[in-house]
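Q:
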Amino acid sequence: MSLTVGVDVGGTKVLAGVVTPDGEVLATVRRPTPSQDVNDTARVIAEVVRELDEDFSIEAVGVGAAGWIDASRSVVLHAPNLAWRREPLRDRIQERVDLPVVVENDANAAAWAEYRFGAGQDQHHLILITVGTGIGGGAVVNGEIYRGHFGMAAEYGHTRAVPDGHPCGCGASGCWEQYASGKALVRFAKQRAREDASAARVLLEMAGGHADHIDGPMVTRAAQAGDAAALASFTELGDWLGWGMADLVSGWDPQCIILGGGVAEAGDLLSVPARETYAKVTALRGRTEVAEVRIAGLGNKAGLIGAADLARIR
Ligand SMILES: [Zn+2]
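Following UniProt numbering, the numbering of the sequence shown begins with 1 at its first residue and continues without gaps.
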């Protein structure tokens, strides 16, 4: 059986796995990302590949990287949350692991995995939105990843939602990612806890009484426990997501939109308000059928599964 390794390199963790041609994950390895030094990042990627290669016979490696990849799919041009600046990632990994390597944007890889093995298996046109610390995006058009001319298509997170809005890691301001990501959720919750402590009782208890100590998992747990401020923060986030999804449908006209990423794992807390707003504001409503919203099927392994599959069909 032909086995490949997929490595999902995010701002905080490197998650690698051995994947079969059917998209089954046989083993995984996880490490923190040394995000400040490009050599350390490459070293850790090579280490996890070699570790998996000890127990399995690996044919090729796919790296899903949280950054903008050039059209030749070998250089990471820029990564908002990592130190990569015109980083020749494919060559750097290839020389360390002595296997063929392909590099893909992490959200493109996740979109590919959902198309091949997950929530989008019966769809030929889909877009994926990953709601994590930031917002990632991928698109599969006519059964192929759509990368655009310069390799940077589907970067939905950096479309401008608010002129002169909140500053963004990409250097611009008012990007959608600043209003509809995990980072935004925490900002909303902190703000609400500061303004009305009684509505944020559970949340503030978890944060030791300090609004500044609130983090993403706390907001999810507090919302699940019925905390009013945490629930309202999810509704606010869902609204922003719904508005953006309606814009994306006007631009891409996909069969479905798949919501993935760590924050989407909060399930109904996010998907209910997002779907409600999307249904209300989409410009095409009532005139034609519009894309349905689905929840990602492969969880946090989508990036590595997609990268591994792309390494197989390189
Ligand atoms: Zn941005």
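Glycine is no exception: its CB is placed at the ideal position from the N, C-alpha and C atoms.
If I'm right that Ala16 touches Val5 with Cβ under 8 Å, what's the distance once you round it to whole angstroms?
A: As a position in the sequence shown, residue 16 is number 16, starting the count at 1. As a position in the sequence shown, residue 5 is number 5, starting the count at 1. At roughly 6 Å, the Cβ-Cβ gap stays under 8 Å, so Ala16 and Val5 are in contact.
Q: Around the C-beta of Ala71, are 16 or more other C-beta atoms found within 10 angstroms, so that it is buried, or is it exposed?
A: Here residue 71 refers to the residue found at position 71 of the sequence shown. Counting Cβ neighbours within 10 Å, Ala71 comes out exposed, since fewer than 16 surround it.
Q: Quick check on DSSP: helix, strand or coil for Asn142?
A: Taking the sequence shown and counting its residues from 1, one reaches residue 142 at position 142. Three-state result, Asn142: coil.
Q: Residues in its own chain within less than 6 Å of Arg275 by CB, not counting five upstream and five downstream?
A: In the sequence shown, the residue the question calls residue 275 occupies position 275. Taken in chain order, the residues that qualify are Val293.
Q: From Leu204 to Gly238, what does the alpha carbon distance come to, in whole angstroms?
A: Against the sequence shown, residue 204 aligns to sequence position 204. Against the sequence shown, residue 238 aligns to sequence position 238. Looking at the two C-alpha atoms, the distance is approximately 22 Å.
Q: Starting from Ala60 and walking both ways along the beta strand (DSSP E), at which residues does that stretch end?
A: Taking the first residue of the sequence shown as 1, we reach residue 60 at position 60. Its beta strand (DSSP E) spans residues 58–65.
Q: In the DSSP assignment, the alpha helix (DSSP H) including Val281 goes from what residue to what residue?
A: Mapped onto the sequence shown, residue 281 falls at position 281. Its alpha helix (DSSP H) spans residues 268–281.
Q: Could you tell me whether the Cβ of Gln94 comes closer than 7 Å to any Cβ of chain C?
A: Given the protein chain composition of this structure (a single chain), no chain C is represented.
Q: Determine, using beta carbons only, whether Leu128 and Ile258 come nearer to each other than 7 Å.
A: Counting from one through the sequence shown, the residue named residue 128 turns up at place 128. Counting from one through the sequence shown, the residue named residue 258 turns up at place 258. Yes.
Q: Given that a residue counts as buried once 16 or more other Cβ atoms are within 10 Å of its Cβ, and exposed if not, what is Asp55?
A: Reading the sequence shown from its first residue, position 55 is the one you call residue 55. With fewer than 16 Cβ atoms within 10 Å of its Cβ, Asp55 is classed as exposed.
Q: Give me every residue whose Cβ sits closer than 6 Å to any heavy atom of ligand 1, in chain order.
A: Residues with a Cβ closer than 6 Å to any heavy atom of ligand 1, in chain order: His158, Cys168, Cys170, Ala172, Cys175, Glu177.
Q: Give the single residue among Ala266, Gly244, Gly209 whose Cα lies nearest to the Cα of Ala225.
A: Start at 1 with the first residue of the sequence shown, and residue 225 comes out as number 225. Relative to Ala225, the option among Ala266, Gly244, Gly209 whose CA is nearest is Ala266.
Q: Does the stretch 239–246 touch the stretch 92–109, meaning 3 or more C-beta pairs lie closer than 8 Å?
A: In short, these stretches do not touch, since the Cβ pair count stays below three.
Q: Taking Cβ positions, are Gly137 and Ala113 nearer each other than 7 Å?
A: Counting from one through the sequence shown, the residue named residue 137 turns up at place 137. Counting from one through the sequence shown, the residue named residue 113 turns up at place 113. Contact: no.
Q: On the DSSP bridge assignment, give the partners of Ala16 in chain order.
A: Position 16 of the sequence shown, counted from the start, is the residue given in the question as residue 16. BP columns for Ala16 point to Val7, Val29.
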